[in-house]
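Novice: Heads up: the protein sequence lines correspond to chains B and F, in order. Residues in the first sequence are numbered from 0 upward in steps of one, following numbering that gives the first Met the number 0. Residues in the second sequence are numbered from 0 upward in steps of one, following numbering that gives the first Met the number 0. Each residue gets a CB set at the ideal place from its N, CA and C atoms; glycine is no exception. Supplied in structure tokens, the structure appears directly below.
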Amino acid sequence: MTTYPTPLARLIQELSKLPGIGEKTAARLAFHMLKGTREDVINLADSIAKLRQEIGLCRQCFGFSEVNPQSDGETLCTVCRNPERAKDTICVVEEPADLIAVEKSQEFKGLYHVLQGTISPLDGIGPDALRIRELLDRIRGGSVREVIVATNPTMDGEATALYLSKVIKPLGVAVTRIARGLPMGGDLEYIDAVTLGKALEGRREI
Amino acid sequence: MLLCHVTPAIVLRTWPFGESDKIVSFLTESHGKLTGIAKGAKRSRKRFVNSLEPFSLVNLRFQDRAHSNLAFIVAADLAFGFKHLLTSLEKISFAAYLVEITDGLIGEREENRLVFRHLKDGLTHLDEQSTSLTFLTSFELKLLKLAGYQPLLDSCRRCGRERWDQCQTRWHFSPRDGGILCEFCSRLRKEIFSLSTATLEILTNLQQEKSLPPSDVSPPTGVLKEIRSVVVRFIEFHMEREIKSAVFLRQFSLA
Numbered sequence: 000m001t002t003y004p005t006p007l008a009r010l011i012q013e014l015s016k017l018p019g020i021g022e023k024t025a026a027r028l029a030f031h032m033l034k035g036t037r038e039d040v041i042n043l044a045d046s047i048a049k050l051r052q053e054i055g056l057c058r059q060c061f062g063f064s065e066v067n068p069q070s071d072g073e074t075l076c077t078v079c080r081n082p083e084r085a086k087d088t089i090c091v092v093e094e095p096a097d098l099i100a101v102e103k104s105q106e107f108k109g110l111y112h113v114l115q116g117t118i119s120p121l122d123g124i125g126p127d128a129l130r131i132r133e134l135l136d137r138i139r140g141g142s143v144r145e146v147i148v149a150t151n152p153t154m155d156g157e158a159t160a161l162y163l164s165k166v167i168k169p170l171g172v173a174v175t176r177i178a179r180g181l182p183m184g185g186d187l188e189y190i191d192a193v194t195l196g197k198a199l200e201g202r203r204e205i
Numbered sequence: 000m001l002l003c004h005v006t007p008a009i010v011l012r013t014w015p016f017g018e019s020d021k022i023v024s025f026l027t028e029s030h031g032k033l034t035g036i037a038k039g040a041k042r043s044r045k046r047f048v049n050s051l052e053p054f055s056l057v058n059l060r061f062q063d064r065a066h067s068n069l070a071f072i073v074a075a076d077l078a079f080g081f082k083h084l085l086t087s088l089e090k091i092s093f094a095a096y097l098v099e100i101t102d103g104l105i106g107e108r109e110e111n112r113l114v115f116r117h118l119k120d121g122l123t124h125l126d127e128q129s130t131s132l133t134f135l136t137s138f139e140l141k142l143l144k145l146a147g148y149q150p151l152l153d154s155c156r157r158c159g160r161e162r163w164d165q166c167q168t169r170w171h172f173s174p175r176d177g178g179i180l181c182e183f184c185s186r187l188r189k190e191i192f193s194l195s196t197a198t199l200e201i202l203t204n205l206q207q208e209k210s211l212p213p214s215d216v217s218p219p220t221g222v223l224k225e226i227r228s229v230v231v232r233f234i235e236f237h238m239e240r241e242i243k244s245a246v247f248l249r250q251f252s253l254a
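As structure tokens, then:
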């Protein structure tokens, strides 16, 4: 068995806890840090140490937000703070990473709401375990006219979308679901039957 | 080179594993319940696209691995997606329940083609028709029978007294004993469910029905709920845990 000096072994052990990183990759990263300048390593360590202190959840949408030390850690994210975003449309996503994916599309100009998970009958995760109550409070207290449900097209994602539709529609707000279809640059011959079926179902006039 | 097995299979559960892999549990037609690793399943656009969602009927290709209980999933082609199951919360709850109890009552690699066909028929029924308590109860009872746990309802499980004995007016169901107990023997058990004569009669009839849902039996809702409280507890006894999806079934449907 390879014996690394204790500080190096400790770093390799910590790095290999990260997703997608095995012991070999962790060792490679650790050696890279050893070869780097002292300043680079301190910057990296500082960024990691500050991550949990300076990043929190937005008190409105529950996406990632920079924590303001003057506001007891509760703050609004850049999207919720932006006065140019449309306040009447909320896009509901499962996780903060999904918010970033939708934001990258540059097609959506409204606000978000991150559920922090999905309803999952097989895992026993019910609506109470998600940020659904907070979403309903936002809808009741604001000028929301449409909620776009952008949960994943999985069994859990569909269950969540159906539940949201059930509880939001009685509030007089339109509930829409993101469309499913063919990817840009795709080839019909290689598209699976379910996606193709959904694409045909959701066809529109040109 | 490792032998590649090919079999129809229904996806029971999936768990994310690492960056892009999935652990998937299937009920196969020819190899019983099987759990395997689908490498790159989260990103695959060819081998696993749209096929590894619970309730999907797939043509599964897998290889056994020498030093692991997990099979290597080579590919899973979607044979039937039961797409109507995902159109209502009620249907999702019912389907999740069917899948969970089947998963819980069947052991790994116990070949049981009848159970596979039963689950496939159950999901097909849900996909094509509306949900009902009668369907659910008859599914549960038939599954218990096919899995080898059929409740015994003709005589007391402890003293052997026949149910048809007119002196006996009240019977109790005991999950631990796997059937009914007479009034006297039931005193020895803590967890028992009292059953009226009419309920016991209907339970017996439902258990004997072969079609899914039964064509001739349409019991009142109250009786069905009484039967289901007993059957659900009996299933949980054999699964040795609570049925998670039962909560959803109660919340999103009449069950």
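I believe L11 of chain F touches F25 of chain F by the beta-carbon criterion, under 8 Å. Please report the beta-carbon distance rounded to the nearest angstrom.
Specialist: The Cβ separation is near 6 Å, so the contact holds.
Novice: Below 9 Å on C-beta distance, what does V246 of chain F contact in chain B?
Specialist: What V246 of chain F touches in chain B: P120, G123 and G125.
Novice: Once DSSP output is grouped into helix, strand and coil, what is the label at K21 of chain F?
Specialist: Strand.
Novice: Name the DSSP bridge partner or partners of H112 of chain B?
Specialist: H112 of chain B pairs with B:V91.
Novice: What are the partner residues of F192 of chain F, as DSSP defines its beta bridges?
Specialist: F192 of chain F is bridged to F:F172.
Novice: Exposed or buried, Y96 of chain F, counting other C-beta atoms within 10 Å across all chains shown (16 or more means buried)?
Specialist: Counting Cβ neighbours within 10 Å, Y96 of chain F comes out buried, since at least 16 surround it.
Novice: By the criterion of Cβ-Cβ separation under 8 Å, what are the contact partners of G17 of chain F in chain B?
Specialist: The answer, in chain order, is P18 and G19.
Novice: Considering Cα atoms alone, identify which of F:I22, F:V5, F:K45 and F:G31 is closest to D186 of chain B.
Specialist: Closest by alpha carbon: F:K45.
Novice: Please report the distance separating the alpha-carbon of K224 of chain F from that of S217 of chain F.
Specialist: Answer to the nearest angstrom: the Cα atoms are 13 Å apart.
Novice: How is L140 of chain F classed by DSSP in three states: helix, strand or coil?
Specialist: Here L140 of chain F sits in helix by DSSP.
Novice: If you measure between the beta carbons of L56 of chain F and A75 of chain F, is that distance less than 7 Å?
Specialist: No, the Cβ-Cβ distance between L56 of chain F and A75 of chain F is not below 7 Å.
Novice: So what's F134 of chain F in DSSP terms, helix, strand or just coil?
Specialist: DSSP places F134 of chain F in helix when its eight states are reduced to three.
Novice: Compare the Cα-Cα distances from T13 of chain F to each of B:T175, B:T153, B:R84 and B:E93 and report the closest residue.
Specialist: Selected option, being the one with the closest Cα: B:T153.
Novice: Is it the case that the stretch 111-128 of chain B contacts the stretch 171-184 of chain B, given that we only count it when at least three CB pairs across the two stretches are under 8 Å?
Specialist: Contact fails: fewer than three Cβ-Cβ distances are below 8 Å.
Novice: Where does E145 of chain B fall in DSSP's three states?
Specialist: Here E145 of chain B sits in strand by DSSP.
Novice: Return no unless some Cβ of chain F is closer than 7 Å to the Cβ of T153 of chain B.
Specialist: Yes, T153 of chain B counts as interfacial toward chain F.
Novice: Find the nearest neighbour of R112 of chain F within the set F:G31, F:E241 and F:T220, judged by alpha-carbon distance.
Specialist: Considering only alpha carbons, the answer is F:G31.
Novice: Taking 7 Å as the cut-off, decide whether the C-beta atoms of L69 of chain F and I36 of chain F are in contact.
Specialist: Cβ atoms of L69 of chain F and I36 of chain F: closer than 7 Å.
Novice: At 8 Å on the CB atoms, spell out the chain B contacts of L88 of chain F, in chain order.
Specialist: The contacting residues are A158, L161, Y162 and K165.
Novice: Could you name the residues of chain F that A192 of chain B contacts, counting a contact when the two beta carbons are closer than 9 Å?
Specialist: In chain order: N49, L77 and G80.
Novice: Nearest by alpha-carbon distance to C184 of chain F: which of F:Q62, F:R160 and F:A245 is it?
Specialist: Checked all of F:Q62, F:R160 and F:A245; the closest Cα to C184 of chain F is F:R160.
Novice: Could you work out which residues of chain B lie near I91 of chain F, taking near to mean beta carbons separated by less than 8 Å?
Specialist: Within 8 Å Cβ-Cβ: P120, M154, E157, A158 and L161.
Novice: Quick one: using the 10 Å Cβ neighbour count with 16 as the cut-off for buried, is P156 of chain F buried or exposed?
Specialist: Note on identity: in this sequence residue 156 of chain F is Arg, with Pro being the wrong assignment. Label assigned to R156 of chain F: buried.
Novice: Grouping DSSP H, G and I as helix and E and B as strand, with all else coil, what is A70 of chain F?
Specialist: Strand.
Novice: If you draw a straight line from the C-alpha of S137 of chain F to the C-alpha of G80 of chain F, how long is it?
Specialist: If I take the Cα positions, the gap works out to 24 Å.
Novice: K119 of chain F CB to nearest chain B CB: under 7 Å?
Specialist: Judged by the 7 Å Cβ criterion, K119 of chain F is not in contact with chain B.
Novice: Any contact between the stretch 3-13 of chain B and the stretch 25-37 of chain B? By contact I mean 3 or more CB pairs, one from each, below 8 Å.
Specialist: A contact exists between the stretch 3-13 of chain B and the stretch 25-37 of chain B.
Novice: Taking CB distances under 7 Å as the criterion, tell me whether A95 of chain F reaches chain B.
Specialist: For A95 of chain F, the answer is yes, since a Cβ of chain B falls inside 7 Å of its Cβ.
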